[in-house]
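Heads up, the thing below is written out as structure tokens.
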Amino acid sequence: MEQEIRACLDQKRYREAFELLLPEYQNKVFRLAYGMLGDAGQAEDTSQEVFIRIWKALEGYRGQSSLATWIYAITRNACLTSLKKGASRKEVSMEEPGVGSAVERLEAPPATDQRTGVDVSALVGQLPEKHRQVLRLYYMEEKSYLEVSRLLDMPMGTVKVYLHRGRKELAEALARSKMEKGTA
Amino acid sequence: MACAEFESQLLEYGELARDVRVRVDAHVAGCTGCREFLEALQAVDAALESQFAGRHVSTEFEQAVRRRVQSEPAARRLSFVPEILDFVGWAAIVALIGLALYWVTNLVPASGGSEKTTFSFVAAWAAAFVFLLVSFLVGLRSFADLKH
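Heads up: the sequence lines are chains A and B, in that order. Numbering-wise (numbering that gives the first Met the number 0), the first sequence opens with residue 0 and increments by one. Numbering-wise (numbering that gives the first Met the number 0), the second sequence opens with residue 0 and increments by one.
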């Protein structure tokens, strides 16, 4: 697919290139944004912004890096901008028409441990930001260290370290919750 | 809670080679701490997998992007500013080298060379000016690159 898109770009057929690129990368961009932002509604809004940026910058793409690398870099930058604006975004009212229902459709139910009833996603919220990002992406990307490393532009060793630390902390927190429930 | 020597292997339990796994299983069977840690890890994996696996954009996403792209102007024509700055910068470097060579060749003492000495000072000042100009243009080029 990348070959086809590059061929279109070489021939200055930008709209056609964009039409190929959008379905190919929309889920990757969304998952990267969701991994970084931790909110599906915000991730989808940011993903739209990413594709608008891609459309505007498509003519400037010089093929020095792979298309995927270029797109992921744009996504990471857009997410960082979105994180900076995070506080003001939270002020968007859920009462606005369509907002609540759209977010409900995207948000997954909380990750609850079936045996203990402990909300694991709430425990994830207590981890450092980098650990959270790596954890979310790891489970979204079918447990591929390589894919997480490519998406976050992070060495694979660092991905593994963050992931192990995150999972270890979660497992220990879960075991503690289990014990507390048992003694209560 | 897990034994330190087995902790990393428990964290990579699903990826362990068969012989290592047999050894880890034998330990886990007799160690409550490691067994509880492994169970908790598996519960974490199951919970997070059910929450995050297979996430994708909403069905309206593609259409929403297309609508927005339709209303946006066509892909912006690439600016030639960086290329122009490159050209001017390289031209200035060539001029600088030329001036420097001229200045060096004219430093050779010559009889009654006061006129030549004056000229070489002019050349030195010109070289310094060109050097500053090049530095400025290189900075501007970097700025233009960042903007794009």
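Positions of the beta carbon are idealized from the N, C-alpha and C atoms, including for glycine. Bear in mind the structure is a predicted one, so any value in this text is a computation, not a measurement.
(message) Given this structure, state the Cα-to-Cα distance separating A174 (chain A) from L8 (chain A), to the nearest angstrom.
(response) 54 Å
(request) Would you kindly work out how many angstroms separate the C-alpha atoms of F17 (chain A) and E11 (chain B), rounded to a whole number? (result) 40 Å
(request) State buried or exposed for L100 (chain B), treating a residue as buried only when at least 16 other CB atoms are found within 10 Å of its CB. (result) exposed
(request) Taking 8 Å as the cut-off, decide whether the C-beta atoms of E61 (chain B) and L21 (chain A) are in contact. (result) A contact, by the Cβ cut-off of 8 Å.
(message) Rounding to the nearest angstrom, what Cα-Cα distance links G156 (chain A) and F135 (chain B) in this structure?
(response) 41 Å
(message) For the alpha helix (DSSP H) containing L145 (chain A), name the first residue and the last one.
(response) 144 to 151
(message) If you reduce the DSSP assignment to three classes, tell me which class D9 (chain A) lands in.
(response) helix
(request) Give me the Cα-Cα distance between I92 (chain B) and V133 (chain B), rounded to the nearest whole angstrom. (result) Each residue's Cα considered, the two are about 7 Å apart.
(message) Distance check for Q41 (chain B) and M35 (chain A), CA to CA, integer angstroms please.
(response) If you draw a straight line from the Cα of M35 (chain A) to the Cα of Q41 (chain B), it comes to about 24 Å.
(request) Pull out every residue of the segment 19 to 41 of chain B whose Cβ sits closer than 7 Å to any Cβ of chain A, in chain order. (result) E35, F36, A39, L40
(request) Would you mind telling me which residues of chain B sit closer than 9 Å to S46 (chain A), beta carbon to beta carbon, in chain order? (result) V56, F60, V64
(request) Please list the segments of the alpha helix (DSSP H) lying wholly inside the segment 114 to 139 of chain A, counting only runs of 4 or more residues, in order along the chain. (result) 119 to 123, 128 to 139
(message) Between the alpha carbons of A39 (chain A) and R20 (chain B), how many angstroms are there, rounded?
(response) Approximately 37 Å between the Cα atoms of the pair.
(message) Is it buried or exposed, R14 (chain A), if we count other Cβ atoms within 10 angstroms and call 16 or more buried?
(response) exposed
(request) Would you grab the beta carbon distance between L31 (chain A) and L150 (chain A) for me? Rounded to a whole angstrom, and I think it's under 8 Å. (result) 5 Å
(request) Please state whether DSSP places H163 (chain A) in a helix, a strand or coil. (result) Looking at H163 (chain A) - three-state DSSP - the assignment turns out to be helix.
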